[in-house]
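Structure first, then comments.
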Amino acid sequence: METLEDYTERKQAEQRLIESERRLNSIFEGFSIPAFVIGKDHKVILWNRALEKLTSIPAEEMIGTDKHWRAFYAKERPCMADLLVDSAVKNISRWYSGKYRKFDVAEDAFEATDFFPELGKKGRWLRFTAAVVRDSQGELVGAVETLEDITDQKTAEAALKESAPKKK
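So this is what it looks like as structure tokens:
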């Protein structure tokens, strides 16, 4: 039979866990870098405000679905996070040939740069990094993908190239 003390300790531990989860969600939501997290089932768990702003898609439309690809592509295809969840690292080159590299800072993480014509009025250049998320036992539980809009940088690079003297 459970004692009142055991019950109280368990309830306090549950409350600490709930508060910790809320704090983590609050940090993720307030994060200035656009990002999303998917679970092993490819369903969106988190879609932060910065990503809502970048894609013009509210979190409510994405959370609980496996439709995150719609934010970036006209036709269904995997995002980099999907490939990591599927442990399909070998397929990264199929989708991002010549545009990706292994991310030096984290194991099971990759970075790529690509142009997304469906994003915004004139398309957007994004640098994105995806990394595996593991539980305390090291089991894969999902993946996180962060995105950085580098359109202005790419536009400036193109203008610089255009204005550079031509070699004869």
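Following the working numbering, the numbering of the sequence shown begins with 12 at its first residue and continues without gaps. Note that the Cβ used here is the ideal one computed from N, Cα and C, for glycine as well.
Whole-angstrom distance between residue j and residue i, CA atom to CA atom
i	j	result
residue 149	residue 143	10 Å
residue 114	residue 121	5 Å
residue 95	residue 60	23 Å
residue 177	residue 72	49 Å
residue 69	residue 63	5 Å
residue 130	residue 172	24 Å
residue 127	residue 169	17 Å
residue 146	residue 125	30 Å
residue 27	residue 56	21 Å
residue 163	residue 17	58 Å
residue 134	residue 21	51 Å
residue 109	residue 140	15 Å
residue 167	residue 107	23 Å
residue 46	residue 23	32 Å
residue 58	residue 25	25 Å
6 Å Cβ shell around residue i - same chain, five flanking residues per side excluded
i	result
residue 111	103, 121 and 123
residue 161	136 and 138
Within 9 Å, strictly: CB atoms of residue i and residue j
i	j	result
residue 137	residue 44	no
residue 77	residue 97	no
residue 152	residue 50	yes
residue 92	residue 156	yes
residue 154	residue 48	yes
residue 54	residue 75	yes
Bridge partners - residue i, DSSP secondary structure assignment
i	result
residue 86	According to DSSP, residue 86 bridges with nothing at all.
residue 127	135
residue 27	According to DSSP, which records beta bridges pairwise, residue 27 is partnered with nothing at all.
residue 74	55
residue 155	48 and 142
residue 113	121
7 Å Cβ shell around residue i - same chain, five flanking residues per side excluded
i	result
residue 82	66 and 68
residue 84	129
residue 87	80
residue 119	95, 142 and 143
residue 90	79, 80, 83 and 156
residue 165	136
is_contact[residue i, chain D] using C-beta, thresh 9 Å
i	result
residue 156	Of the protein chains in this structure there is only one, and it is not chain D.
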